[in-house]
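Read in order, the letters of the sequence shown correspond to residues 15 to 416 in the numbering used here.
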Amino acid sequence: MADKVVLAYSGGLDTSVAIRWLKETYNLDVIAVTADVGNERDFSAIREKAVNTGAVKALIIDAKDTFVNDYVFPALRANAIYEGAYTLATALSRPLIAKLLVDIAREEKASAVAHGCTGKGNDQVRFEVSTAALAPELKVLAPAREWGMTRQETIDYAQRYGIPVPITAASPYSIDENLWGKSIECGVLEDPWVEPPEEVFTWTRSPAAAPDAPGYMEIGFERGIPVTLDGQKMDGVSLIQSLNETAGKHGVGRIDHLESRLVGIKSREIYEAPAAVVLLQAHSALETLTLTRDQSRFNDRVAQEYADLVYNGLWFTALRQDLASYVQSAQRFVTGEVRVKLFKGACRIVGRRSPYSLYSHSLATYDEGDEFDQSASPGFIHIWGLPAKTQAQRQNIKPLNT
Ligand code: ARG
15 MADKVVLAYS GGLDTSVAIR WLKETYNLDV IAVTADVGNE RDFSAIREKA VNTGAVKALI
75 IDAKDTFVND YVFPALRANA IYEGAYTLAT ALSRPLIAKL LVDIAREEKA SAVAHGCTGK
135 GNDQVRFEVS TAALAPELKV LAPAREWGMT RQETIDYAQR YGIPVPITAA SPYSIDENLW
195 GKSIECGVLE DPWVEPPEEV FTWTRSPAAA PDAPGYMEIG FERGIPVTLD GQKMDGVSLI
255 QSLNETAGKH GVGRIDHLES RLVGIKSREI YEAPAAVVLL QAHSALETLT LTRDQSRFND
315 RVAQEYADLV YNGLWFTALR QDLASYVQSA QRFVTGEVRV KLFKGACRIV GRRSPYSLYS
375 HSLATYDEGD EFDQSASPGF IHIWGLPAKT QAQRQNIKPL NT
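Structural data, given as structure tokens:
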């Protein structure tokens, strides 16, 4: 009996060709695994295609809840955004898919897992490092990196073996999507000077065509996790789906980023991530109300570190876990509601409240009821300014013209 390999199968051209190629090249029986992470697809057609293409087994796994609760929300709580722009949809899904492959490989006693990534991107790193961390004994195969076929040769290979070539192979764009966002690469987008044509956007309306009346919504958080939308309790998946729709309608969530890949390449990336953009902004806003300045600053540093770990494929590492424990603790009081205004591509926070608010009206007000003791300020300023004053006296610091 042939050895088995568990392949992350998308139903696209490369992973379909990979099913046949793994059999031809390594005599491996392929178990195709497709994770449903909210990428609206016809999953029964994908399963059928895998089997027709030669997979000995094809599994579809609904991983939406796991994806949101165990990957997306921890990253949201950490305010993880890569290079100040990318909300990490693809990067967060890869460790989850790797874990599914590993679990199934063990169940099926397969000797290897496989993915369809090329050798130029981040995803190969994420799949392989995640697999190594979870199952160091498993081999990882990367057919599309190994076979060295051009796009046309891959299409020819598919046709030779009667593998249906999806019409999307005709599209110049490379797309990946899940609940947390969609990425679009290739084609004219490879010129960073060219504005993305309207056709690449499918989740968001053009801001110019967005409704003339602003949309308002209230998002309720409990310990940094969004739990209500306009007062209604909602599970994470439904909340994200609903936000993607509403915010997308208002043209919110388009991102155009010149990105630094882990493998050293700069790449032009277009994203649509309406729910992620709104939730990350709302979550940060609630933190400004419920955390001290020192906590917020420290969180900013953790956020960057956390985003880099996610981006760089290091999800299943002790450091990522340790940071997650810190984040969990830091979210104790990040509970409350945020009011968001959506209008023609812009998302603005227009209100925030919390039972743990650190905002004190009687301290802040310039009106009646002021409880701030202004007579304490001169003494505070005297001591606060002492180093600057001493330095001016002793070192004759002159104002610079810059
Ligand atoms: N640049 C993004 C990332 O590295 C998106 C990658 C999209 N992946 C893909 N196979 N199309 O996470």
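No residue lacks a Cβ here, since even glycine has one placed at the ideal position from N, Cα and C.
Please tell me whether residue i and residue j are closer than 8 Å, where the distance is taken between their beta carbons.
i: residue 337; j: residue 316; result: yes
i: residue 70; j: residue 43; result: yes
i: residue 303; j: residue 373; result: yes
i: residue 50; j: residue 78; result: yes
i: residue 261; j: residue 289; result: yes
i: residue 320; j: residue 156; result: no
i: residue 323; j: residue 311; result: no
i: residue 283; j: residue 199; result: yes
i: residue 264; j: residue 210; result: no
i: residue 268; j: residue 216; result: no
i: residue 140; j: residue 103; result: no
i: residue 154; j: residue 328; result: no
i: residue 115; j: residue 172; result: no
i: residue 356; j: residue 266; result: yes
i: residue 271; j: residue 99; result: yes
For the beta strand (DSSP E) containing residue i, name the first residue and the last one.
i: residue 270; result: 268-274
i: residue 296; result: No beta strand (DSSP E) holds residue 296; the alpha helix (DSSP H) holding it covers 288-304.
i: residue 417; result: Nothing about residue 417 can be reported from this structure: the residues present for the chain run from 15 to 416 only.
i: residue 220; result: No beta strand (DSSP E) holds residue 220; DSSP gives it neither H nor E.
Buried or exposed: which applies to residue i, given that a residue is buried once 16 or more other Cβ atoms fall within 10 Å of its Cβ?
i: residue 208; result: exposed
i: residue 60; result: buried
i: residue 81; result: buried
i: residue 137; result: buried
i: residue 286; result: buried
i: residue 347; result: buried
i: residue 364; result: exposed
i: residue 394; result: exposed
i: residue 31; result: buried
i: residue 405; result: exposed
i: residue 277; result: exposed
i: residue 403; result: exposed
i: residue 301; result: buried
i: residue 297; result: buried
Residue i lies in the alpha helix (DSSP H); which residues open and close that run?
i: residue 333; result: 332-344
i: residue 192; result: Note, residue 192: premise wrong, no alpha helix (DSSP H); beta strand (DSSP E) at 188-192.
i: residue 230; result: Run containing residue 230: none in the alpha helix (DSSP H); it sits in the beta strand (DSSP E), 229-236.
i: residue 58; result: 57-66
i: residue 382; result: Where residue 382 is concerned, there is no enclosing alpha helix (DSSP H), given that its DSSP letter is neither H nor E.
i: residue 397; result: 391-398
i: residue 212; result: No alpha helix (DSSP H) holds residue 212; DSSP gives it neither H nor E.
i: residue 147; result: 137-148
Rounded to the nearest angstrom, how far is the Cβ of residue i from that of residue j, given a contact under 8 Å?
i: residue 245; j: residue 232; result: 7 Å
i: residue 386; j: residue 239; result: With 8 Å as the limit, residue 386 and residue 239 do not qualify as a contact, their Cβ atoms being about 34 Å apart.
i: residue 412; j: residue 221; result: Not quite, the Cβ-Cβ distance comes to about 49 Å (not below 8 Å), so this is no contact.
i: residue 369; j: residue 350; result: 7 Å
i: residue 254; j: residue 294; result: Between residue 294 and residue 254 the Cβ distance is about 12 Å, and since that is not below 8 Å, they are no contact.
What does DSSP give as the partner residues of residue i in its beta bridges?
i: residue 412; result: Answer is none; residue 412 lacks a bridge partner.
i: residue 76; result: 50
i: residue 361; result: 356
i: residue 282; result: 272
i: residue 368; result: Beta-bridge pairing links residue 368 to no other residue.
i: residue 43; result: 18
i: residue 96; result: 100
i: residue 202; result: Paired residue(s): none; residue 202 is not in a bridge.
How about residue i: is its C-beta nearer than 8 Å to some C-beta of chain C?
i: residue 149; result: Absent from the structure is chain C; it holds one protein chain and no more.
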